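My numbering applies: residue 632 is where the sequence shown begins, and numbers increase by one.
Ideal placement from N, C-alpha and C gives every residue a C-beta, glycine not left out.
Nothing here was measured: the structure is a model prediction, and the numbers come from that model.
Down below is the structure, laid out as structure tokens.
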Amino acid sequence: LGSTSPTITLVVTSTVPTSTSLTSSGSPAAAGTPVTFTAVVTKTGDGVVTEGTVTFSDGTTPIATVAVGSTGVATTTTASLSVGSHAMTARFNGTSTLATSTSPTFTQVISSVAPTADLSVNVTGPGAIRSGKKAKPAKK
């Protein structure tokens with residue numbers, strides 16, 4: 632008769648699902664050329680995310696963490712990617728009310744650029760060499 636159960640407090644926290652996309656300013660890009668990566672973060676139901684941070688990574692290596700702007704966009708620029716293919720991702724790090732999300736992998740290709748030179752010679756005049764003839768010194 633007179634027994635009571637302890638009070639249990641249940642706190643339910645809910646985070647809104649998000650989605651993150653990733654693009655680059657150009658792939659392939661030449662080695663040493665700046666490449667800008669742009670992440671767009673949206674939330675289910677009512678549009679863009681305007682808070683939190685995005686971490687841009689090359690494979691498992693983070694290259695930058697930047698704030699999401701008022702339009703749901705986060706960008707970073709780098710010119711230090713090595714020649715080859717890079718598996719780039721953008722991860723929205725979430726907030727107390729927004730869930731984390733990671734973009735699909737974007738393959739960024741960095742190509743080597745061999746130095747090139749165009750050489751064109753145009754020789755005319757009295758000392759010019761013509762095909763099949765021996766060179767003669769020009770007259771003074």
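Same chain, Cβ closer than 8 Å to residue i, neighbours up to 5 away in sequence not counted
i, result
"Val647", "Lys674, Thr675, Gly676, Thr728, Leu729, Ala730"
"Ala710", "Gly663, Thr664, Pro665, Val666"
Close beta carbons around residue i, own chain, < 6 Å, minus the five adjacent residues each side
i, result
"Leu712", "Ile741"
"Val714", "Ala662, Ile741, Ser743"
"Phe687", "Phe668, Ile694, Ala695, Thr707, Ala721"
"Thr691", "none"
For residue j and residue i, believed in contact at Cβ under 8 Å, the rounded distance
i, j, result
"Val672", "Phe737", "Going by Cβ atoms, the distance from Val672 to Phe737 rounds to 15 Å, so no, they are not a contact pair."
"Ser716", "Leu653", "Not confirmed; about 15 Å, so no contact."
C-alpha distance - residue i paired with residue j, whole-angstrom precision
i, j, result
"Val666", "Ile639", "54 Å"
"Ser701", "Thr669", "14 Å"
"Met719", "Thr681", "22 Å"
"Asp689", "Thr649", "21 Å"
"Pro637", "Ser732", "38 Å"
"Ser655", "Ala705", "12 Å"
"Gly633", "Ser645", "37 Å"
"Thr726", "Gln739", "28 Å"
Residue burial classification, residue i (beta-carbon count within 10 angstroms, cutoff 16)
i, result
"Gly703", "buried"
"Thr708", "exposed"
"Ala721", "buried"
"Thr651", "buried"
Close-in-space but distant-in-sequence residues of the same chain around residue i (CB under 7 Å, 5 per side omitted)
i, result
"Thr684", "Thr696, Val697, Ala698, Val699, Asn724"
8 Å Cβ cutoff, residue i in contact with chain B
i, result
"Ala730", "The structure shown has no chain B; it contains just one protein chain."
Requested in this report: Decide yes or no for the touch test of the segment 690 to 697 against the segment 655 to 664: beta carbon pairs closer than 8 Å, at least 3 of them.
Outcome: no
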